[in-house]
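Before any comments, here is the structure.
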Amino acid sequence: MTDAMDANATGTGFKVEEKLFQNRYLVDVGRPHITIKPHDVPSKALLALTHACPAGCYSKNDSGQVEATIDGCLECGTCRVITAKTGDIEWNYPRGGFGVLFKFG
Ligand code: SF4
């Protein structure tokens, strides 16, 4: 998260992290809805995901490859759009009944 996403960025006085904590997730164990295609060196698009994902699902591992932990995925589709031309990831919605449960208010 950046300073720009700090308190009051949501217009509610809450930090983005505090708002995200309100959501609930039902993880479809063993059936990730996003997978990264195997790579030795990540493309620029793949590297961009480590900064662009609002839930912080993407990170670089010690070998320099990008990996994803999608348990907190918001299903916003940002990563899908960024990698649309490169095909670095395979993106699907979770199966019915799984995924993010947004809590409003
Ligand atoms: S869909 Fe959105 S929240 Fe989910 S992994 Fe992609 S960028 Fe992150």
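The numbering of the sequence shown is my numbering, which starts it at 41 and goes up by one.
Glycine residues also receive a C-beta, built at the ideal position from the N, C-alpha and C atoms.
Beta-carbon to beta-carbon, LEU60 and ALA95 are separated by about 7 Å, close enough to satisfy the 8 Å threshold. Between the alpha carbons of GLU130 and PHE54 lies a gap of roughly 33 Å.
Around the CB of THR123, 16 or more other CB atoms lie within 10 Å, so the residue is classed as buried. In this structure, the C-beta of LEU114 approaches ligand 1 to less than 7 Å from one of its heavy atoms. LEU141 has ARG64 as its beta-bridge partners, per DSSP.
For ILE110, there is no enclosing alpha helix (DSSP H), as DSSP marks it with neither H nor E.
For THR75, the enclosing beta strand (DSSP E) stretches over residues 74 to 76. Annotated three-state conformation of GLU130 is strand, per DSSP. One alpha carbon belongs to HIS73, the other to LYS125, and they sit about 19 Å apart. By the Cβ-count criterion, PRO78 is exposed, with fewer than 16 other Cβ atoms from all chains shown falling within 10 Å of its own Cβ.
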